[in-house]
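In the working numbering, the protein residues as written are 56 to 615. The structure under discussion appears below in the form of structure tokens.
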């Protein structure tokens, strides 16, 4: 992706979020800089003019001290007010824009192909939603706004001095843009590589630390704990080297801007001295020119931090731009016709062209219960993913109603029981939540908790037993307004008693819904009216309840 194609979606999303506030914040920042320049310039002019006027009694009497004094007070108050307003507006606009970008990213990553890729490396998703979006905060606050303020300062200084002497104004503006912009550009180029190395090292360090803490038992058992610690130490050394490189560059940039300021002051001093000597410029005007030139350098020095982080910003934009480029999630079409129908469907895992399913045709009537049986790797879970619209087929047609996938892995989050349940239906009332918990056999246990529905769970549902977590996921399934339930090894990790109770409750609640089950277990397949055997990605046999083949196939499955 080219640099322009990286910048375009990011800037568009930023500006569309809060255009008025973002532009207003930049104008307020420029106004603050301009007020500071005018304040110092007017103060210098006033002090010098007062001194000159005091040399003669006649000029001292007629000299107006009230106008400049009022102007100085006005500029001082205005600068303070504009600074406060600028901070308020720019930060408010930035946070609102970042919130909008997070929503847009969630929309982009809700696409099945994007979500499945990120789920294979969840640390990347965490980093995209935290550090990468934080880098975009710096894009506006530390790069775009300071650059606009510096440009305004250079142009205003050029105009102000150009009114006195056009060569002086033109020379100052050209010098400021060349020196200030040149130093900033050099910092951007020099900081790009270490900033990218630093950003990637932080991501790897965070991911590695999470893996170390979460998998320390397995690492100890495998004898790999020391190797993991050494790998993290090596990443930390790379991070330290990048930090040192950036600190050196920051120091050099500070020195360069200091030298540029000194050269500006020295050059301006020589120029105005010559003009005063030629009587082309008065002494008060010379003082104003000197102080305006001196303050015009400061906004360019404010670019230093943004320039140092430009590499990090560019990396973040390169990562986020593809998802920000999507205006909306491409919603999978939901058929109004009842049941599920696949027509000559072939499918492969995401990122692969090797087909797992081959020319599969299948029809499940509304309210019918079907079980997919067959060896591991036959394509049962892939078929469920196709039916759930989580995987696009390589070929063929899919006609599916709204579906809910219930897998053997219980996905619970570090949140309240209420909010975990409302993932299925955000508008569900407490009464409906309790009804779902009752149907799942968890109501009495939740009522016994001190917090009830407000009870907080730990990471991954910590605080609930395996059976309780499974029942909570079952209650969430019951809240889904879907006509097709897809069960993938739904009771694999449960003991026989708990599994039997879960299946009994599923049977009671699935009336009027279609049910498609992928299983190796007899107890799960017993829910079905029809068995479909899959082997090597193809349907090889279909057996209806009541036939000898159905009973034999059921008996051949794994028992409790």
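Glycine included, each C-beta is placed from N, C-alpha and C at the ideal position.
- Tell me the DSSP bridge mates of residue 540? 459 and 570, per the DSSP bridge assignment.
- C-alpha gap between residue 145 and residue 72, whole angstroms: Our two residues, residue 145 and residue 72, have alpha carbons roughly 13 Å apart in a direct line.
- Query: So residue 160 packs on residue 379, CB below 8 Å; how close in whole Å?
  - Reply: Indeed, because the Cβ distance is near 7 Å, the residues count as touching under 8 Å.
- Do three or more CB pairs link the region 463–481 to the region 499–516 at distances below 8 Å? Verdict: yes, contact present.
- Message: If distances are taken between C-alpha atoms only, which option among 539, 525, 566 and 538 comes closest to residue 556?
- Response: Looking at the Cα atoms, 525 is the closest of the given residues.
- Message: Going by C-alpha to C-alpha distance, which of 481, 318, 454 and 426 sits closest to residue 581?
- Response: The candidate whose alpha carbon is nearest that of residue 581 is 426.
- Message: Using only the alpha-carbon positions, how far apart do residue 617 and residue 359 sit?
- Response: The structure shown does not extend to residue 617, since the chain is modelled only from 56 to 615, so the question has no answer here.
- Query: Excluding five sequence neighbours on each side, which residues of the same chain lie with their C-beta closer than 8 Å to the C-beta of residue 293?
  - Reply: Within its own chain, the residues whose Cβ lies closer than 8 Å to the Cβ of residue 293, once the five positions on either side in sequence are excluded, are 252 and 256, listed in chain order.
- Task: Could you tell me whether the region 295–309 touches the region 217–225, where touching means 3 or more Cβ pairs closer than 8 Å?
- Result: Contact between the region 295–309 and the region 217–225 is not established, with fewer than three Cβ pairs separated by less than 8 Å.
- Query: Can the beta-carbon of residue 397 be found closer than 8 Å to that of residue 457?
  - Reply: Here residue 397 is not near residue 457, since their CB atoms are 8 Å or more apart.
- Query: Exposed or buried, what is residue 325 when buried is set at 16 or more other beta-carbons lying within 10 Å of its beta-carbon?
  - Reply: Taking all protein chains shown into account, residue 325 has fewer than 16 neighbouring C-beta atoms within 10 Å of its C-beta and is therefore exposed.
- For the beta strand (DSSP E) containing residue 586, list its first residue and its last residue. Segment 585–590, the beta strand (DSSP E) holding residue 586.
- Message: Using a 10 Å radius around the Cβ and a threshold of 16 neighbouring Cβ atoms, would you call residue 404 buried or exposed?
- Response: So residue 404 counts as exposed.
- Query: Of all the options 70, 515, 211 and 241, which has the alpha carbon lying nearest to the alpha carbon of residue 365?
  - Reply: Per the C-alpha coordinates, the member of 70, 515, 211 and 241 positioned closest to residue 365 is 241.
- Message: Runs of 4 residues minimum, wholly inside the region 218–301: which ones carry the alpha helix (DSSP H) assignment?
- Response: The region 218–301 contains, as complete alpha helix (DSSP H) runs of 4+ residues, the segments 221–269 and 271–277 (chain order).
- Message: Rounded to whole angstroms, what is the Cα-Cα separation between residue 603 and residue 479?
- Response: For residue 603 and residue 479, the gap between their C-alpha atoms comes out near 40 Å.
- Message: Bridge partners for residue 396 per DSSP, in chain order?
- Response: Per the DSSP secondary-structure output, residue 396 pairs in a beta bridge with 418 and 454.
- Task: Give the DSSP-derived three-state secondary structure of residue 514 in the structure shown.
- Result: Three-state result, residue 514: helix.
- Could you tell me whether the Cβ atoms of residue 228 and residue 210 are closer together than 8 Å? A contact, by the Cβ cut-off of 8 Å.
- Query: What do you reckon, are the CB atoms on residue 442 and residue 455 nearer than 8 Å?
  - Reply: Against a cut-off of 8 Å, the Cβ pair of residue 455 and residue 442 comes out as a contact.
- Item | Those residues which DSSP pairs with residue 597 across a bridge | Note: residue 597 sits in a beta bridge opposite 587.
- Item | Local conformation of residue 409 per DSSP, three classes | The answer is coil: DSSP assigns residue 409 none of H, G, I, E or B.
- Message: Cutting at 7 Å between CB atoms, please list the residues of its own chain near residue 356, excluding the five before and the five after it.
- Response: Cβ neighbours of residue 356 within its own chain (closer than 7 Å, five residues either side excluded): 312.
- Pick out whichever of 497, 421 and 225 has its Cα sitting closest to the Cα of residue 570. The shortest C-alpha to C-alpha distance from residue 570 to any of 497, 421 and 225 is the one to 421.
- Could you tell me the distance, in whole angstroms, from the CA atom of residue 490 to the CA atom of residue 483? For residue 490 and residue 483, the distance between alpha carbons rounds to 11 Å.
- Message: Rounding to the nearest angstrom, what Cα-Cα distance links residue 254 and residue 234 in this structure?
- Response: Looking at the two C-alpha atoms, the distance is approximately 29 Å.
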